[in-house]
Every structure is written in structure tokens, then in C-alpha cells.
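Here the sequence shown is numbered in our numbering, starting from -8 and rising by one per residue. Note that CB positions come from ideal geometry on N, CA and C, so glycine has one too. Predicted model only: the values in this text are computed from it and were never measured.
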Amino acid sequence: MSEDKLKKHTTRAIWIACILILLLAFGIPQVYRNYHSAPYCYSSGSQITLENDDTHKLNKYQKQQFTKIAKMAVDQKDGPFNWKNYRKVSLDVYKMKKPSEYGLIYKIKPVIRSRQHTITTSIIVKLNNRNLKSYHKFTIKGYSSDFSNFLD
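Right under this line is the structure:
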């Protein structure tokens, strides 16, 4: 009787282990892919706030990549900058109404100027794909920056 019970528990443990291995084999790549991708939000034509002072829906990697996108957009439109001379104040990220479009509001302060000088840049970008590893593949749909006023 106890031998049958032991065999039954062993079989059950093997099945549970196999199921866990399969879940890990298929689950880990999906989690990795989602961690390194831009958030996909299905909405019925409304703008969604992903990151600002009150809302924090982006992970650390996504914030870093959207910061790189904002810096690249500023470099493309207003010329190359030495980003060591600037300090990030905030980055607001919005999922726009159209697919793969994100709105970025990037606020920075120069290290050498006084506290009152905050430079705000508003950018609408269309990503070529959701993978943020290829963050340099985007199109600027809209751009507005205080850099032109600041540099004059």
C-alpha cells in the first residue's frame, strides 16, 4: 500500500516538475521581450499617460531608452549637444492615439546655469518597432523645444 502511494506521489512530482519547466521555458522569453519593448496599450482613440510625476507604468529600462530617444531627437533637430552639461529634471511619456506613436516631454537643466533655467522639449515619435533595443529607429512626427530660445 505505501509503495503504491510513494509511486503515485513520485509520478505527481515528476508531472509538476515537467509543467514548471515548460512554463519557465516559454514564460521567461516573453517576460524578457516585454521588459525590453515599448508598452503596447490598446485604447479606443485616447491618449494614455505612461510616465509622469503621478503615474509610473514604465520600467527602468524603458525609461532609459525613452530618454535616449529624446536626446537623439534633440540632437537631430537642434544640433549635437554634450549631454554631460545637462541634468535631467523629468521625462513624461504618453502613448498617443495612433499606433506606435509616443509623446515625450523632456525637461532638463544646464549644470552651469542657475536653477531658473529649465529647458522643455516636446516630441512626438513614431517607433519603427516595439523593441526598444533598437531605440535609434524612430521618426519624429512633432517637435518643439526651448533650446532655440535658450541658446540665443
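What does the alpha-carbon distance come out to for the pair residue i and residue j?
i, j, result
"Asp66", "Pro30", "24 Å"
"His127", "Trp74", "17 Å"
"Asp143", "Phe17", "At Asp143 the pLDDT is 49, less than 50, meaning the model places this residue with poor confidence; the figure from the coordinates comes in the next sentence. If I take the Cα positions, the gap works out to 55 Å."
"Phe72", "Lys89", "30 Å"
"Leu95", "Ser28", "16 Å"
"Ile131", "Ala61", "10 Å"
"Lys48", "Met87", "15 Å"
"Leu(-3)", "Thr58", "57 Å"
"Lys51", "Lys79", "15 Å"
"Asp(-5)", "Trp6", "17 Å"
Are residue i and residue j closer than 9 Å when you measure CB to CB?
i, j, result
"Ile109", "Ser136", "Residue identity differs from the one stated: residue 109 is Thr in this sequence, not Ile. Not closer than 9 Å, so no."
"Gly133", "Ile103", "no"
"Phe129", "Asn119", "yes"
"Tyr93", "Val116", "yes"
"Gln56", "Lys124", "yes"
"Asp69", "Phe138", "yes"
Residues in the same chain with beta-carbon distance under 8 Å from residue i, minus the five sequence neighbours each way, listed in chain order, please.
i, result
"Ala8", "none"
If we count the other Cβ atoms within 10 Å of its Cβ and call it buried at 16 or more, is residue i buried or exposed?
i, result
"Leu15", "exposed"
"Ile12", "exposed"
"Arg3", "exposed"
"His0", "exposed"
Task: At least 3 beta-carbon pairs within less than 8 Å: the segment 40 to 60 vs the segment 74 to 83 - done: yes
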